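Heads up: the sequence lines are chains A and B, in that order.
Everything in the first sequence is counted per the numbering used here, starting at 110 for the first residue and increasing by one.
Everything in the second sequence is counted per the numbering used here, starting at 6 for the first residue and increasing by one.
Structure, as structure tokens:
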Amino acid sequence: MTQKLDTASRIEMPQGKLIALLSLLLTGLIVTSLFIGSNPIPVLKAISDSLQNNQSVIAIILTEVRLPRALIAALAGATLGMCGAIMQGLLRNPLASPGLVGSSSGAALGAVFVLYFGFSSLFWPALPLGGMLGSLLALLLVYLLAGRDASIVTLILAGVAINSLALAMISLLLNLAPSPYAVREIVLWMLGSVANHSLDHLWIMLPGTLLGWLLVLGSTRSLDALTLGEETAYSMGINVERLRWRLFLAVALAVGSAVSITGAIGFVGLVVPHLLRPLVGYMPGRLISVSALGGAVMLLTADIAVRLFPAGTEIKVGVLTSLVGAPFFLYLILKTRRTQL
Amino acid sequence: MSLLQGNGISLALDGRAILDQVDITLQPGEMLGLIGPNGAGKSTLLKILIGLLSASAGEVRLDNQPLNSIPPNQRGRQIAYLAQEAAAHWPIQVERLVQLGRTPHLSSWQRLSGTDQQIVEQAMINTDVNSLRDRVFTTLSGGERMRVLLARALAVEPTILLADEPVAALDPAHQLEVMALFANHCQAGGSTIVVLHDLSLAAHFCDRLILLNKGQKVADDTPEAVLSEENLRQVYNIALRTPEDSGSPLHLPWIRVDQ
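Structure below.
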């Protein structure tokens, strides 16, 4: 164990290099993603068409279908990765993530509620607002249930409880839904996907996401200080209580608006910070920007993968991330259990 | 004028008095030991002195100003706190952990300056952890960890160090080493309050001792006066042996006495 941890720190990379590398990868993936779709189109021609304001079919496919899809995947992935890193740093717990602490399912409940009552057609910000509110409520409930210095087990249990509650309420809404089409639509949305969205969806998602990101700025040093525990961080002048509320709000805003568009996409927020943590020398502050980039890279990769998958119906990207993420989660639990013994 | 003082500090939780009208003062350059049985309220008093807990009655003053009127950053630069069983939650590098001590001196956006790094280097040299700088904190032994955490506290460059049972988990050699570091801090003009269970160490290193029992201050005087036979029998239910060794008595708890 000793040996392993000592070597783990040696795979660290300089922060600038890591960010440059991930940004390069992300740009490459966004470009690649423009080339992949159900119908092959001459992408370069489409780009030149849309730049010349020529409303050809291929230009429309590019700007109305593929570009929003790539950007929404990048934005949602970045939010999930970043919020995973924030929750893990704040709770000092490698298993915390937006999915686990109820933030995602709370957001899903809020969004389903808005969709169910048709508020979103009356007032477009209702959808992200519902997501944010649901996300914040679920987060607070888990936090209150688990308590401040929650052990990993307590946190998981509190998360499970709130997640089941949110899912039960979603089921209730589905159960009461008047039309089977509405049910089908909501269920498909809940599987989690970045496909079939227009640029309008991107604009709906953007304000909350950016606001959430802004709130995170400047908290890296405080998160680093929290490595030494809340009391020591306090003794070094950190207002721990204020930091906690600020970051909870940030996660709720960002995850709430992302999930209200894409549906709950699981495990990105858990897996990404975990994989990148050794590369930043386990410093929780540095992990945030890196995880945002990593989350975008991961979700884009997954979304490209589902498009390449030879199946009659396209698999939803949320299904793929859960299929890959759930075994990873089990592996993490086993690993934590081993180190605790 | 004293540097740090608590006047009439009381704290009651669920109707039970944890601390009852405790007065405490700390002078510049002084090393003050806080002793007393388990549950006497030593850790609680320390937490109140730094503002981690608020007293239900009484007032804490730092530099003759009410503690809660001082901005957190400024308080953080003046008082460093070594929590009981302090730990790191992530396996980070020793040097980075010590650098965290500069937190109260830096704004959210500032990077560590050359001066900051020099202070960090000095703290690591003083605590003899320079050779551990590239190691991962969680892989260190108990004694090494304590020294690293102390280096972190010294990197704050505080006037006041508050340490809650810093030597409880250490072997005798490391106990002496850590206590000597506190003594150095005081000789250099700083002040220290240290919670201790080892009476010999308390007598050896501290300028003054405060003995707490069941939330009340029993004695506040020089080590010889505080560690009197009567005080110890009354508070700890123990009798000591105090063999003389080159002038200073050793305080060895020897038998339990029931009252």
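Each residue gets a CB set at the ideal place from its N, CA and C atoms; glycine is no exception.
Since the model is a prediction, treat every value here as computed from it, not as a measurement.
Residue i versus residue j: straight-line alpha-carbon distance, rounded
i, j, result
"residue 111(A)", "residue 423(A)", "Confidence is the limiting factor: at residue 111(A) the pLDDT is only 42, short of 50, which leaves the residue's position unreliable, though a coordinate-based value still follows. For residue 111(A) and residue 423(A), the distance between alpha carbons rounds to 45 Å."
"residue 377(A)", "residue 212(A)", "13 Å"
"residue 257(B)", "residue 229(B)", "13 Å"
"residue 304(A)", "residue 174(A)", "8 Å"
"residue 208(B)", "residue 56(B)", "28 Å"
"residue 62(B)", "residue 75(B)", "19 Å"
"residue 325(A)", "residue 49(B)", "33 Å"
"residue 450(A)", "residue 317(A)", "Only weak support is given to the placement of residue 450(A): the predicted model assigns it a pLDDT of 41, under 50, and the value that follows is read from those uncertain coordinates. Taking the straight line from one Cα to the other gives about 42 Å."
"residue 73(B)", "residue 345(A)", "15 Å"
"residue 179(A)", "residue 398(A)", "20 Å"
"residue 147(A)", "residue 428(A)", "19 Å"
"residue 155(A)", "residue 141(A)", "14 Å"
"residue 243(B)", "residue 255(B)", "15 Å"
"residue 124(A)", "residue 117(B)", "15 Å"
"residue 341(A)", "residue 86(B)", "7 Å"
"residue 157(B)", "residue 181(B)", "19 Å"
"residue 13(B)", "residue 59(B)", "13 Å"
"residue 99(A)", "residue 52(B)", "Summary: the structure shown does not reach residue 99(A), with chain A confined to residues 110 through 450, and so no result is reported for it."
"residue 228(A)", "residue 234(A)", "9 Å"
"residue 314(A)", "residue 92(B)", "40 Å"
"residue 128(B)", "residue 129(A)", "34 Å"
"residue 386(A)", "residue 392(A)", "7 Å"
"residue 217(B)", "residue 194(A)", "43 Å"
Burial state of residue i, where buried means 16 or more other Cβ atoms lie within 10 Å
i, result
"residue 329(A)", "buried"
"residue 412(A)", "buried"
"residue 101(B)", "buried"
"residue 116(A)", "Confidence at residue 116(A) is low in this model, with a pLDDT of 45, below 50, so its placement is unreliable and no value can be given for it."
"residue 161(B)", "buried"
"residue 190(A)", "buried"
"residue 98(A)", "With chain A represented from 110 up to 450, any question about residue 98(A) goes unanswered, as that position is not in the structure."
"residue 232(A)", "exposed"
"residue 113(A)", "With a pLDDT of 44 at residue 113(A), under the threshold of 50, the predicted position of this residue should be treated as unreliable, and no value is reported."
"residue 272(A)", "buried"
"residue 133(A)", "exposed"
"residue 162(A)", "exposed"
"residue 82(B)", "buried"
"residue 120(B)", "exposed"
"residue 224(A)", "buried"
"residue 246(B)", "exposed"
"residue 178(B)", "exposed"
"residue 126(A)", "exposed"
"residue 170(A)", "buried"
For residue j and residue i, believed in contact at Cβ under 8 Å, the rounded distance
i, j, result
"residue 270(A)", "residue 243(A)", "Actually they do not touch by this definition, with Cβ atoms about 16 Å apart."
"residue 34(B)", "residue 191(B)", "6 Å"
"residue 248(A)", "residue 418(A)", "With 8 Å as the limit, residue 248(A) and residue 418(A) do not qualify as a contact, their Cβ atoms being about 33 Å apart."
"residue 308(A)", "residue 177(A)", "5 Å"
"residue 151(B)", "residue 183(B)", "6 Å"
"residue 421(A)", "residue 98(B)", "52 Å between Cβ atoms; not a contact."
"residue 214(B)", "residue 231(B)", "4 Å"
"residue 38(B)", "residue 23(B)", "Wrong, their Cβ atoms sit about 20 Å apart, outside the cutoff."
Cutoff 8 Å: residue i Cβ touching any chain D Cβ
i, result
"residue 97(B)", "The displayed structure is made up of protein chains A and B, and chain D is not among them."
Pick from the options that is closest to residue i, judged by C-alpha positions
i, options, result
"residue 26(B)", "18(B), 11(B), 32(B) and 199(B)", "11(B)"
"residue 200(B)", "167(B), 135(B) and 83(B)", "167(B)"
"residue 43(B)", "181(B), 184(B) and 170(B)", "170(B)"
"residue 199(A)", "295(A), 285(A) and 350(A)", "350(A)"
"residue 240(A)", "149(A), 363(A) and 166(A)", "363(A)"
"residue 144(A)", "381(A), 401(A), 414(A) and 355(A)", "414(A)"
"residue 136(A)", "406(A), 380(A), 426(A) and 436(A)", "406(A)"
"residue 149(B)", "19(B), 174(B), 214(B) and 215(B)", "174(B)"
"residue 437(A)", "382(A), 120(A) and 394(A)", "382(A)"
"residue 261(B)", "248(B), 247(B), 238(B) and 253(B)", "238(B)"
"residue 368(A)", "217(A), 391(A), 431(A) and 166(A)", "217(A)"
"residue 147(B)", "159(B), 127(B) and 134(B)", "134(B)"
"residue 115(B)", "435(A), 120(A), 298(A) and 327(A)", "327(A)"
"residue 445(A)", "195(A), 128(A), 129(A) and 202(A)", "202(A)"
"residue 236(A)", "430(A), 310(A) and 354(A)", "310(A)"
"residue 172(A)", "157(A), 275(A) and 215(A)", "157(A)"
"residue 299(A)", "182(A), 370(A) and 285(A)", "370(A)"
Contact test: residue i Cβ vs the ligand SAH heavy atom, cutoff 7 Å
i, result
"residue 28(B)", "You won't find the ligand SAH in this model; it holds no ligand whatsoever."
> What residues in the segment 174-193 of chain B have a beta carbon less than 7 Å from any beta carbon of chain A?
Replying inline: none
> Residues in the segment 180-199 of chain A with C-beta within 7 Å of chain B's C-beta atoms, listed in sequence order?
Replying inline: none
> Any residues in the segment 391-407 of chain A with a beta carbon nearer than 7 Å to a beta carbon of chain B? Which ones, in chain order?
Replying inline: Against chain B - using a Cβ distance shorter than 7 Å - the residues of the segment 391-407 of chain A are 391, 392 and 393.
>> Any C-beta of chain A within less than 9 Å: which residues of the segment 72-87 of chain B qualify?
In response: Within the segment 72-87 of chain B, the residues whose Cβ lies closer than 9 Å to some Cβ of chain A are 76, 77, 78, 79, 80, 81, 82, 84, 85, 86 and 87, listed in chain order.
> When Cβ atoms are compared, which residues of the segment 342-370 of chain A fall closer than 9 Å to chain B?
Replying inline: 342, 343, 344, 345, 346, 347 and 348
> Closer than 8 Å, Cβ to any Cβ of chain A: which residues of the segment 114-126 of chain B, in chain order?
Replying inline: 114
> Of all the residues that make up the segment 435-446 of chain A, which are near chain B by a beta-carbon distance shorter than 9 Å?
Replying inline: none
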